Amino acid sequence: MSQGRFITFEGGEGAGKSTQLKRLAARLEAQGRAVVATREPGGSSGAESIRELVLKGSADRWSPVTETLLMYAARRDHVERVIRPALAKGAWVVCDRFADSTRAYQGAAGGTDPALIAALETHILEATRPDLTLIFDLPVEVGLERAHRRAGAEMRFESKGQAFHERLREGFLAIARAEPGRCAIIDAIGSLEAVEARVWAAVRERLAVDG
Ligand code: Z5A
92 MSQGRFITFE GGEGAGKSTQ LKRLAARLEA QGRAVVATRE PGGSSGAESI
142 RELVLKGSAD RWSPVTETLL MYAARRDHVE RVIRPALAKG AWVVCDRFAD
192 STRAYQGAAG GTDPALIAAL ETHILEATRP DLTLIFDLPV EVGLERAHRR
242 AGAEMRFESK GQAFHERLRE GFLAIARAEP GRCAIIDAIG SLEAVEARVW
292 AAVRERLAVD G
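In the working numbering, each number is its position in the sequence shown, counted from 1, plus 91.
See the structure below:
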């Protein structure tokens with residue numbers, strides 16, 4: 092059985108990741124691949140319980156360091172119980188947010204020491220790293236406007252203010268610049284079909300997929 096592939100979707104608020112993740116999962120399944128679509132924080136039963144804690148409440152409910160530890164507690168459970176078993180069975184795992192969200196939200200925007208985050212990546216993720224990360228990029232005001240239109244969303248992170256979200260955008264772009272082999276920047280402005288075509292082009296080119 093061949094090892095599966097691991098694709099993560101990253102970016103700021105309202106970037107369209109969830110919408111495009113569903114489209115990519117459907118496309119890969121239509122080609123006959125086993126696909127596991129998942130998300131963070133969450134994706135396993137224990138991690139979904141931590142999601143409840145971390146996404147609800149006031150903007151300052153948790154400090155950035157505490158958030159980092161909560162994200163990594165959730166991530167370890169998700170990696171152990173969902174991501175690694177799926178990859179081992181040869182499935183393609185598509186995940187809405189992963190470790191780069193901690194680097195950008197808690198690190199670049201929140202001020203957590205990057206050395207702590209790097210140590211957690213080493214010890215908690217071990218060898219489980221994305222084969223491809225799609226970083227959705229768009230102006231902060233457009234993303235926040237889209238996120239506010241979304242029904243039923245938790246608003247704890249959206250409420251952190253414009254300067255936080257500008258640091259967040261720059262944080263994601265810095266990750267893409269630092270790791271160009273793993274990351275592809277997706278221009279998130281345009282129709283759903285235009286963005287979908289950019290996602291598909293990146294997956295085809297980076298992971299040698301036909302179609
Ligand atoms: N977080 C963290 O701090 N640290 C971590 O390590 C991790 C996460 C893993 C998860 O929230 C929160 O956890 C997140 C970061 C933090 N911050 N917040 N909030 P979530 O899962 O509830 O939400 P999200 O991941 O932030 O989703 P989002 O960014 O708000 O949305 P999205 O998935 O990128 O977009 P969408 O839901 O597909 O689309 C949003 C709206 O825009 C929707 O109405 C769409 O119909 C519309 N849309 C989508 N594409 C387009 C285009 N192309 N044009 C126009 N409108 C569009």
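We treat Cβ as the ideally placed atom computed from N, Cα and C, and that holds for glycine.
If you're wondering where the values come from, they're calculated on a predicted model, not measured in any experiment.
Assuming residue i contacts residue j (C-beta within less than 8 Å), just tell me the rounded distance between them.
i	j	result
ALA179	VAL127	About 11 Å; that fails the 8 Å criterion.
ILE141	LEU161	6 Å
GLU131	ARG188	5 Å
ILE307	ALA267	Past the boundaries of the shown model lies residue 307; the chain is included only from 92 to 302, so the question cannot be answered.
GLU101	LEU225	7 Å
LEU289	ASP278	The sequence given here places Arg at residue 289; Leu does not occur at that position. At roughly 6 Å, the Cβ-Cβ gap stays under 8 Å, so ARG289 and ASP278 are in contact.
SER135	ARG172	4 Å
ARG114	GLU287	5 Å
GLU217	ALA190	Not confirmed; about 12 Å, so no contact.
PHE263	GLY103	7 Å
Give the straight-line distance between the Cα atoms of residue i and residue j, rounded to the nearest whole angstrom.
i	j	result
VAL170	HIS256	27 Å
LEU223	ARG167	20 Å
LEU144	ALA238	20 Å
THR157	ALA116	32 Å
ASP204	SER192	14 Å
VAL185	LYS108	11 Å
ALA106	LEU259	12 Å
ARG220	GLY137	21 Å
ILE208	THR129	22 Å
ARG152	GLY123	44 Å
GLY281	VAL233	11 Å
GLU270	LYS147	32 Å
ALA285	LEU229	14 Å
LEU283	ALA299	23 Å
What residue from the options has the CA that sits closest to residue i's CA?
i	options	result
THR99	PHE227, GLY252, GLU284	PHE227
ARG273	LEU211, ALA125, ARG297, LEU112	ARG297
ALA150	LEU211, VAL233, GLY134, GLU249	GLU249
ALA164	ILE215, THR110, ALA269, ALA199	ILE215
GLU120	SER135, ALA182, GLY148	ALA182
GLU261	GLY198, THR219, LEU112	GLY198
VAL231	GLY148, GLN253, GLU217, ALA210	GLN253
SER154	ARG118, GLY133, GLY202	GLY202
ALA292	GLN94, LEU229, GLN111	GLN111
ARG295	GLU104, GLN94, ARG118	ARG118
ALA125	GLN94, ARG241, LEU229	GLN94
ALA200	LYS251, ALA210, ALA206	LYS251
TYR196	THR159, ALA206, ALA210	THR159
Can you give me the start and stop residues for the alpha helix (DSSP H) that residue i sits inside?
i	result
ILE208	205 to 211
SER109	108 to 121
ARG241	Premise fails: ARG241 is in no alpha helix (DSSP H) and is neither H nor E.
Would you say residue i lies against chain B (beta-carbon separation less than 8 Å)?
i	result
THR157	The structure shown contains no chain B, having only a single protein chain.
Which residues bound the beta strand (DSSP E) around residue i?
i	result
PHE100	97 to 102
THR224	223 to 228
Query - Minimum length 3: unbroken beta strand (DSSP E) runs contained in the stretch 131 to 196 - result: 183 to 187
Requested in this report: Output the residue ranges of the alpha helix (DSSP H) runs that lie fully inside the stretch 263 to 299 and measure 4 residues or longer, sorted by chain position.
Outcome: 283 to 298
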